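Just so we're aligned, residue 2 is where the sequence shown starts under this note's numbering, counting upward by one.
Think of the CB as a built atom: it goes at the ideal place given N, C-alpha and C, for glycine as much as any other residue.
On a predicted model such as this, the values are computed, not experimentally measured, just so you know.
What follows is a set of notes on a single structure, which appears directly below.
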Amino acid sequence: MTTLEIEEHIAILIEISSGKDLLIGDINSSDPYVVVSMGKHGIVHKTKYRKKTLNPEWTPSHNSTYVLSTPSYKLIDAGGLTFNVKDYDVASSDEDLGTIEVTTEELITEGNAVRVVERDITPPPEAAGKPAGKLTIRFRKATPEDEASLAKGEMKRFF
Ligand SMILES: [Ca+2]
2 MTTLEIEEHI AILIEISSGK DLLIGDINSS DPYVVVSMGK HGIVHKTKYR KKTLNPEWTP
62 SHNSTYVLST PSYKLIDAGG LTFNVKDYDV ASSDEDLGTI EVTTEELITE GNAVRVVERD
122 ITPPPEAAGK PAGKLTIRFR KATPEDEASL AKGEMKRFF
């Protein structure tokens, strides 16, 4: 962390892009969505769910994209972000389909660089040892225009 030079406040545009070969939460499929949390600071974002798919793609209309705007120390303190994939259920509590972690150092990008992270999902304890698929996240430094577009609910592609 000592080599990390960052501003006091950071704004990162994050897109939860897609999942691949996710775990099955229902009989033969899942209704996957993603909950993003920042350590003890709790939940910072949620996508909407996609119906009956193990290979979901989330777009801005599914809340795929948001700006994480935070004092830097909170993100450093949290060590990064956790992306928890869940299966939406109508009649019971939502199933855990596993998580990926993206570290603070990965999240701090230079200039306009876009970073794409495709990472193996760590399965929940009850599915330990099973392949749980992959989750793809994209991010870059947020601009004031990004924040304005999101606030207006524009459904454009940000990446
Ligand atoms: Ca379900």
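Item	Value
Euclidean distance between Cα positions of M2 and A92	Low confidence applies here, because M2 scores a pLDDT of 49, under 50, leaving its location unreliable and the question unanswered by this model.
Beta-carbon proximity of G81 to E111, cut-off 8 Å	no
Near ligand 1: Y89 beta-carbon under 7 Å from a heavy atom	yes
Backbone secondary structure at T60 - three-state DSSP	coil
Residue from L24, G26, R51 and E16 whose Cα sits closest to the Cα of V37	E16
Closer than 7 Å: D78 CB and nearest ligand 1 heavy atom	no
Unbroken beta strand (DSSP E) run spanning I109, endpoints	From DSSP, I109 is part of no beta strand (DSSP E); its letter is neither H nor E.
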